[in-house]
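These notes are about the structure you will find just below.
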DNA sequence: TCCTCCTATGTCAGTGACTGACATCAACTG
DNA sequence: CAGTTGATGTCAGTCACTGACATAGGAGGA
């Protein structure tokens with residue numbers, strides 16, 4: 003028999019979600035999460051760099067997915083198409099990992115907490131920077147790369163918030179397509 | 003004679019800048035800043051909501067400037083022109099309040115510290131949201147308002163980073179014009 | 001002039017996020 | 001079977017921040 007119950011990380015992940023939904027992020031201490039997961043606070047901080055990260059821990063970070071997709075994109079594609087393709091794949095990954103309801107609950111928690119919004123913005127900025135670098139790798143020049151990355155991330159955010167809102171029956175990747183079309187129709 | 007030296011806030015502001023530049027943000031405690039300014043830590047937190055805010059405390063927040071400019075914009079202007087006008091005025095305000103060297107030092111500190119990047123992103127997001135709302139007030143419809151606000155803020159960021167980089171002799175407002183032109187030339 | 005309220009600050013105790021150092025012990029490895 | 005490893009526990013410590021209460025100039029009125 004193992005010395006400890008397996009999957010401490012998974013238990014902490016769901017304990018955190020539950021507690022944040024029950025009491026709110028601010029009123030939940032790291033110790034609360036650890037206790038519900040049956041570990042100590044110290045163990046919590048060994049798995050997550052800080053309390054916020056428990057909400058942003060992804061098995062396959064979006065940056066990586068986007069970067070790989072850009073590297074693998076068709077030669078003939080425009081820069082914007084390359085990033086949008088990457089963003090779409092990230093969307094597929096998210097939809098596989100979480101149900102819409104789970105994503106919505108997470109979004110509600112983040113929306114209620116400025117500290118979490120900051121972290122989300124940082125992740126999005128990281129995605130933008132990564133996409134920009136990946137475009138550069140493909141030979142895209144500088145004003146274009148930045149703008150394309152920035153716009154595609156904007157599309158992703160718009161699509162995600164629409165998907166989560168429940169105003170549409172579309173799946174997340176289709177929401178990305180829809181938002182990308184909206185972007186095109188502005189030029 | 004006054005009970006305390008006047009302008010405690012101003013002293014804390016410059017003490018913070020100095021210490022961050024000397025030792026770095028992380029190794030500077032709120033108590034250090036307070037001590038150098040000749041006040042107590044408690045007083046520091048009465049003036050600034052948190053340690054990061056000391057770097058983001060603006061006499062006239064950018065949001066307000068942008069919102070006012072959008073409200074006062076010409077009837078005939080396009081949404082993007084309205085926001086760009088607001089962003090340009092914000093640029094004028096910044097250039098009046100700080101020298102380029104001061105802005106560059108601040109930018110260096112922020113760039114070295116993820117926690118500060120998060121806060122900056124939050125401020126930019128707030129500016130975007132405010133601009134979006136101001137556009138709505140002027141009757142601009144929804145997909146357009148969001149995109150225009152988002153793009154104009156992107157222009158602002160590009161302009162600011164170019165101004166601070168020292169690669170150009172242009173003043174900040176002219177950098178905004180330049181970045182806006184670059185945006186136009188993409189469509 | 002004296003009294004009173006107001007305001008900016010000081011003082012102090014407390015909570016919670018995180019960190020470093022060290023101990024423990026099942027499981028693996030040879 | 002002895003040694004090593006890895007995930008965890010334990011504990012003490014630092015620092016960001018907060019609430020409650022005390023203090024004393026200064027402004028304004030009686």
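Residue numbers (the numbering used here), protein chains in the order written: chain A, 3 to 189; chain B, 3 to 189. All C-beta atoms in this analysis are idealised placements derived from N, C-alpha and C, irrespective of residue type, glycine included. Predicted model only: the values in this text are computed from it and were never measured.
Pick from the options that is closest to residue i, judged by C-alpha positions
i, options, result
"residue 149 (chain A)", "A:57, A:127 and A:51", "A:127"
"residue 47 (chain A)", "A:84, A:111 and A:36", "A:36"
"residue 139 (chain B)", "B:85, B:117 and B:162", "B:85"
"residue 23 (chain B)", "B:88, B:113 and B:186", "B:113"
"residue 135 (chain A)", "A:111, A:175, A:72 and A:171", "A:72"
"residue 82 (chain A)", "A:158, A:165, A:162 and A:169", "A:158"
"residue 10 (chain A)", "A:80, A:165 and A:41", "A:41"
"residue 177 (chain B)", "B:187, B:166 and B:186", "B:166"
"residue 58 (chain A)", "A:18, A:77 and A:68", "A:18"
"residue 38 (chain A)", "A:12, A:97, A:96 and A:179", "A:12"
"residue 174 (chain A)", "A:105, A:111, A:141 and A:125", "A:105"
"residue 95 (chain B)", "B:52, B:67, B:171 and B:172", "B:67"
"residue 141 (chain A)", "A:187, A:51, A:78 and A:60", "A:78"
"residue 107 (chain B)", "B:172, B:168, B:44 and B:180", "B:168"
"residue 171 (chain B)", "B:186, B:101, B:111 and B:25", "B:101"
"residue 99 (chain A)", "A:118, A:60 and A:186", "A:60"
"residue 50 (chain A)", "A:21, A:164 and A:15", "A:15"
"residue 45 (chain A)", "A:80, A:25 and A:6", "A:6"
"residue 20 (chain A)", "A:8, A:111 and A:80", "A:111"
"residue 103 (chain A)", "A:125, A:162 and A:117", "A:162"
"residue 80 (chain A)", "A:43, A:147, A:97 and A:117", "A:147"
Integer Cβ distance of residue i from residue j, believed to fall under 8 angstroms
i, j, result
"residue 145 (chain A)", "residue 184 (chain B)", "5 angstroms"
"residue 132 (chain B)", "residue 65 (chain B)", "4 angstroms"
"residue 120 (chain A)", "residue 123 (chain B)", "7 angstroms"
"residue 115 (chain A)", "residue 27 (chain A)", "5 angstroms"
"residue 151 (chain A)", "residue 137 (chain A)", "6 angstroms"
"residue 32 (chain A)", "residue 53 (chain A)", "5 angstroms"
"residue 164 (chain B)", "residue 181 (chain B)", "7 angstroms"
Buried versus exposed, by CB contacts within 10 Å (16 or more), residue i
i, result
"residue 92 (chain B)", "buried"
"residue 143 (chain A)", "exposed"
"residue 30 (chain A)", "buried"
"residue 90 (chain A)", "buried"
"residue 4 (chain B)", "exposed"
"residue 88 (chain A)", "buried"
"residue 154 (chain A)", "buried"
"residue 156 (chain A)", "buried"
Please give the ranges of any alpha helix (DSSP H) in the segment 75 to 139 of chain B, keeping only runs that are unbroken, at least 4 residues long and fully inside the region. 81 to 99, 102 to 113 and 116 to 139
Inside the segment 40 to 74 of chain B only - beta strand (DSSP E) runs reaching at least 3 residues: none
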